[in-house]
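Below you'll find the structure, written out as structure tokens, and then a few comments.
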Amino acid sequence: MNLAKDSILIHGGIDGDETTGAVSVPVYQTSTYKQDALGKHRGWEYSRTGNPTRAALEKLVADLEQGKYGLAFASGLAAINIVLSLFKSGDRLVVSDNIYGGTFRILDNVFKNFGITYEIVDTSDLEKVKAAISEDVKAIYIETPANPLLTVTDIKAVAEIAKQTGKLLIVDNTFLTPYLQRPLTLGADIVIHSGTKYLGGHSDTISGFVVVNDKELADRLYYLQNAIGGVLAPWDSFLVIRGIKTLGVRMERHVKNADKIAHWLNESGYVSKVYYPGLETDPGYEIQKKQADGPGAMISFVLDKKYDYRKFFESIRLVTLAESLGGVESLACHPASMTHAAIPKEVRERVGIVDELIRLSVGIEDVDDLIKDLEQAILNSEV
Ligand SMILES: *Cc1c(COP(=O)(O)O)cnc(C)c1O
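Using my numbering, you'd call the opening residue of the sequence shown number 520 and step up by one each time.
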């Protein structure tokens, strides 16, 4: 049966347990499996190579992305590590100009040492993407909406450029989740997730995912997953399966709250800029509407100079100052000194990650309570 996304959340992947009839996937907390004879096993040999709890989740995330093959990792960065391990010395990547700080760090301080280089490009500008393509470029790596300025890249248009020039298109879909955006259906080759965020959804576990459609690519990734390790443990796999069951209801509330807060901030007079692709005035609004089922729940804003951003962070009460995003609770972070501190200051400022920039991960609390808290914190931080 062809299930709608809300049903896939509950019944996708491997639903329950065939052996016992348990309606939730059991935690197969085992490292190895009994083999019946030499060379004769029951499909499971060793839990780095494969584990039934992890396999159920891998299939579930693949189903949600409308992809064929899913792989689960111990973190988003472990997933990114595996994807980057597809490349070799001399290869080059074209990368979105505001990406997750840790992605920048692994490119700049780890893979660069292995001769894999990158060029940072504003991928929302298709001419710039085309201009950056050369023989050495093997892949285009984008985040949309990107982190932390929520810049929207047209996935379909970049996928066309990638196809025409024979490059892979990699999309980090963490900010929207497959509930709101399915890049494989728009022509991407590889989708990456930090499952630590909305997929897990409760700020209680770290995980990462890769989803692809191409069998050959999947085989290479499975090989790397087993060869490099960094797989997701059975218990964490269980927690993410549990989280995904409520992804739909959570995302709907997240987006509703974020939309109200973004509009309120925009009209409040407290801020000089609001970045949110759900605002009609946002440069990414039309493309966002076309390629996704919603604008997500990440908002960034620049506090007006009348207010001291350090004091704002000390004054928030309901909203928590913390790294990360995508949990049920609202979090605020300071990209310049936290998530994006790995990016050199001049690069940061050039792309707009100024000191006054505040990033909000809007949770599912009562939205008016959130607005009250933000307002009192802003007023409290007046200089
Ligand atoms: C958090 C995050 C990552 C890294 O994931 P971890 O689970 O923290 O390793 C990658 N990309 C984006 C967009 C993220 O928000």
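All residues carry an ideal CB built from backbone N, CA and C; glycine is no exception. Small disclaimer: the values here were computed from a predicted structure and weren't measured.
- Distance from the Cα of Gly813 is smallest, within the candidate group Glu771, Ala860, Leu840 and Tyr789, for Glu771.
- Shown here for Asp778: same chain residues with a beta carbon closer than 6 Å to its own, the five before and five after excluded, namely Gly797 in chain order.
- Contiguous beta strand (DSSP E) elements confined to the segment 669-739 occur at 687-691, 709-713 and 727-731, taking only those with 3 or more residues.
- At least one heavy atom of ligand 1 sits closer than 7 Å to the Cβ of Ile725.
- Residue pairing by DSSP places Ile877 opposite Phe820 in a beta bridge.
- Distance check between Lys607 and each of Gly634, Tyr619, Asp555 and Pro753 places Gly634 closest, using alpha-carbon atoms only.
- Excluding its 5 nearest sequence neighbours in each direction, Tyr637 has C-beta neighbours in its own chain below 6 Å: Leu612, Val614 and Leu626, listed in chain order.
- Minimum Cα-Cα distance from Asn600 among the listed residues Asp673, Ala541 and Val729 corresponds to Val729.
- For Tyr660, the enclosing beta strand (DSSP E) covers residues Val656 to Glu662.
- In this structure, ligand 1 has no non-hydrogen atom nearer than 7 Å to the beta-carbon of Gly586.
- Going by DSSP, Phe592 is part of no alpha helix (DSSP H) but of the beta strand (DSSP E) stretching over Tyr588 to Phe592.
- The Cβ neighbour count for Glu735, taken over all protein chains shown within 10 Å, is under 16; the residue is labelled exposed.
- If you draw a straight line from the Cα of Gly586 to the Cα of Leu898, it comes to about 47 Å.
- At least one heavy atom of ligand 1 lies closer than 7 Å to the C-beta of Gly621.
- Contact between Ile529 and Ala575 is ruled out by a C-beta separation of about 13 Å, above the 8 Å threshold.
- Beyond the five residues adjoining it in sequence on each side, Ile835 comes within less than 8 Å, by CB distance, of Ala851, Asp892, Leu893 and Ala896 in the same chain, given in chain order.
- Glu638 has Val613 as its beta-bridge partners, per DSSP.
- Set against 7 Å, the gap from the CB of Asn570 to the closest heavy atom of ligand 1 is not smaller.
- In this structure, Tyr794 sits away from Phe832, with a CB-CB distance that is not shorter than 8 Å.
- Distance from the Cα of Ala855 is smallest, within the candidate group Tyr717, Arg878, Gly845 and Val542, for Arg878.
- Ligand 1 has a heavy atom closer than 7 Å to the beta-carbon of Leu596.
- For Leu766, the enclosing alpha helix (DSSP H) starts and ends at Leu766 to Ser787.
- For Val648, the three-state secondary structure derived from DSSP is helix.
- Taken atom to atom, the span from the alpha-carbon of Gly846 to that of Val759 is near 12 Å.
- With fewer than 16 other CB atoms across the displayed protein chains lying within 10 angstroms of its CB, Glu865 is exposed.
- Lys792 has Val821 as its beta-bridge partners, per DSSP.
- Annotated three-state conformation of Lys607 is coil, per DSSP.
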